[in-house]
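Residue numbers (my numbering): 1381 to 1901. All residues carry an ideal CB built from backbone N, CA and C; glycine is no exception.
Structure below.
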């Protein structure tokens, strides 16, 4: 038998579809990053196009190349040519958490785009390290952490930040936004296809760009195209500067990276189920290392293995799509092609992708969990709302010349006079600063306790509450900064929950009973 016939070729016809899937979806993520950093936060172009985008591109290029060679190695090892490379790219949930949970609060707190970028680079680097560690602790975390708590918290971030922004931007320019919304939705939610099996989302993006250009909403500008080679020396200096600034935000970075490496585990397991036996630990190391190298080059968004391996395998994609996609995205970032693209894309097109990603995240959370855990998902979704409210309220109050301060309970809020003025105006503020601080971890804690209550495991509720007590004691949650706060009302509250949960657990078979078939809906 010819040995070459038992090896997957470097490129085959099915790789064209894989390239479309990988490049298109990554471009959407690039546009979201550019829109947020340049459009919303108004970061200077030298940071966005000179550092962030090239850094992202380096990470995606390296992961695309590595997974292609990983597939080639698997093909050689197993002596078969029907191997499909793992799909990889920007982690969409982690991207939104980094943008809206880390970068945006940093930007408004520091009022210095360069320092905020430095902190974001440090956060990305630390996140890559956490992701690599997932190769060791991932299976244990997956067993111990209820999926509903993790997915609920992440989907809550997506819903409150992305879905709302998407809807508002669509209606901010309804003449452009509403037609694009319809075309995208008939494909996303209706499954319709145009002739030649062209997805309506692609038509909405490409057609929306042309439509907006015809209406004069966008322009063609080649001035940004150039050579944006990443400068690791400069980025490393900013990385070092950012470590001290980002420390209070590790309570956001670490949970989302835990989500990220569990997502990688699940997606690699899906690839294994489809017939390609990739090593989960190696993949997590690769994700983490590529993310860290991306940060060293100025990137701020982590990499991950995507969903979709089974579909790519059915379409006969091999390893070439991963290799070519990585090279294309790397070249596009380094040569500044995204500067041209961002000028051509109207906000309404990005708004549709915001809304789509958010809805998929929420739907996926419910789809991947048992029906009886839906309540836990809903509970876990709530704390991220506090982050959104805090940002909006402090931004508006800041226009009147008032600034936040660290209060006696450790939270970052306003003095009694300003707080009363806010409440008298009917603004939802009570408790917001406390929940805003460490909202992701708080969501995971509440969701986890809800799952254990549903499962009649009150002793685990007590253990979870003790974890909450320790986190509150050291300022990881409910506090404006890390420290030691054993008398914090939040810490004491978790301690009381723990005591109550253990007492109720002791009486579970005597004076405190809960039917196993109880349904709360």
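Where residue 1890 sits in the DSSP three-state scheme: In the chain shown, the residue the question calls residue 1890 occupies position 510. Correct three-state label for residue 1890: coil.
Coarse secondary structure for residue 1578, derived from DSSP in three states: Here residue 1578 is taken as the residue at index 198 of the chain shown, counted from 1. Here residue 1578 sits in strand by DSSP.
Beta-carbon proximity of residue 1427 to residue 1493, cut-off 8 Å: One-based indexing of the chain shown puts residue 1427 at position 47. One-based indexing of the chain shown puts residue 1493 at position 113. Taking 8 Å as the Cβ cut-off, residue 1427 and residue 1493 qualify as a contacting pair.
Proximity to residue 1850 [Cα-Cα], best of 1874, 1831, 1835, 1587: Position 470 of the chain shown, counting from 1, holds the residue named residue 1850. The option with the nearest alpha carbon to residue 1850 is 1874.
Option nearest residue 1714 by Cα separation, candidates 1435, 1409, 1416: Here residue 1714 refers to the residue found at position 334 of the chain shown. Checked all of 1435, 1409, 1416; the closest Cα to residue 1714 is 1435.
Residue from 1465, 1510, 1440 whose Cα sits closest to the Cα of residue 1650: Locating residue 1650 in the chain shown gives position 270, where the first residue counts as 1. Ranking 1465, 1510, 1440 by Cα distance to residue 1650 puts 1465 first.
For residue 1821, the nearest candidate out of 1778, 1443, 1537 (CA to CA): Numbered from 1 along the chain shown, position 441 holds the residue referred to as residue 1821. Residue 1821 has its Cα closest to that of 1537, out of 1778, 1443, 1537.
For residue 1785, the residue or residues it bridges with in DSSP: Position 405 of the chain shown holds residue 1785. BP columns for residue 1785 point to 1793.
Exposure label - residue 1457; buried when at least 16 CB within 10 Å: Mapped onto the chain shown, residue 1457 falls at position 77. So residue 1457 counts as exposed.
Option in 1415, 1783, 1444, 1420 with minimal Cα separation from residue 1433: For the purposes of this step, residue 1433 is identified with residue 53 of the chain shown, where counting begins at 1. Measuring from the Cα of residue 1433, the nearest candidate turns out to be 1415.
Same chain only: Cβ atoms within 8 Å of residue 1883, ignoring 5 sequence neighbours per side: Indexing the chain shown from 1 puts residue 1883 at position 503. Closer than 8 Å at the Cβ level, and outside the excluded window around residue 1883, lies no residue.
Residue 1512 versus 1454, 1611, 1663, 1848, residue with shortest Cα-Cα distance: The sequence position of residue 1512 within the chain shown is 132, counting from 1. Residue 1663 is the option with its Cα nearest to residue 1512.
8 Å Cβ shell around residue 1689 - same chain, five flanking residues per side excluded: By 1-based counting over the chain shown, the position of residue 1689 is 309. Excluding positions up to five away in sequence, the list reads 1464, 1466, 1467, 1647, 1650, 1651, 1654, 1656.
Residue 1468 - DSSP class collapsed to helix/strand/coil: Position 88 of the chain shown, counted from the first residue, corresponds to residue 1468. Reduced to three states, the DSSP call for residue 1468 is strand.
CA-to-CA distance, residue 1783 to residue 1777, given in whole angstroms: Along the chain shown, one-based indexing puts residue 1777 at 397. Along the chain shown, one-based indexing puts residue 1783 at 403. If you take the alpha carbons of residue 1777 and residue 1783, they lie about 8 Å apart.
Inter-residue Cα distance where the pair is residue 1502 and residue 1585: Looking up residue 1502 in the chain shown gives position 122. Looking up residue 1585 in the chain shown gives position 205. Their backbone Cα atoms lie some 33 Å apart in a straight line.
Cβ separation of residue 1671 and residue 1439, assumed to be a contact under 8 Å, to the nearest whole Å: In the chain shown, the residue the question calls residue 1671 occupies position 291. In the chain shown, the residue the question calls residue 1439 occupies position 59. Right, the Cβ-Cβ distance comes to about 6 Å (below 8 Å), so this counts as a contact.
Helix, strand or coil at residue 1381 [DSSP, three-state]: Counting from 1 along the chain shown, the entry for residue 1381 is found at position 1. Bear in mind that the predicted position of residue 1381 carries a pLDDT of just 44, short of 50, making it unreliable; the figure below should be weighed with that in mind. Coil at residue 1381, not helix or strand.
Residue 1630 versus residue 1860 - alpha carbon distance: Translated into positions along the chain shown, residue 1630 becomes position 250. Translated into positions along the chain shown, residue 1860 becomes position 480. Going by the C-alpha atoms only, they are around 12 Å apart.
Pairwise C-alpha distance: residue 1575 and residue 1442: Taking the first residue of the chain shown as 1, we reach residue 1442 at position 62. Taking the first residue of the chain shown as 1, we reach residue 1575 at position 195. About 35 Å.
DSSP state of residue 1343 mapped onto helix, strand, coil: Lying outside 1381 to 1901, the shown extent of the chain, residue 1343 is not represented and no answer is given.
Cβ pair count under 8 Å reaching 3, the segment 1829-1844 against the segment 1852-1859: no
Touching by the beta-carbon criterion (3+ pairs, under 8 Å), the segment 1402-1416 and the segment 1719-1734: yes
For residue 1861, three-class secondary structure by DSSP: Sequence index remark: in the chain shown, residue 1861 carries index 481 (1-based). Here residue 1861 sits in coil by DSSP.
Nearest candidate by alpha-carbon position, reference residue 1470, set 1419, 1515, 1675: The residue labelled residue 1470 in the question sits at position 90 within the chain shown. Taking only the C-alpha atoms, the option nearest residue 1470 is 1675.
Cutoff 7 Å; reference residue 1678; Cβ partners in own chain excluding five residues on either side: Counting from 1 along the chain shown, the entry for residue 1678 is found at position 298. Contacts found: 1431, 1432, 1434, 1435, 1501, 1610, 1615.
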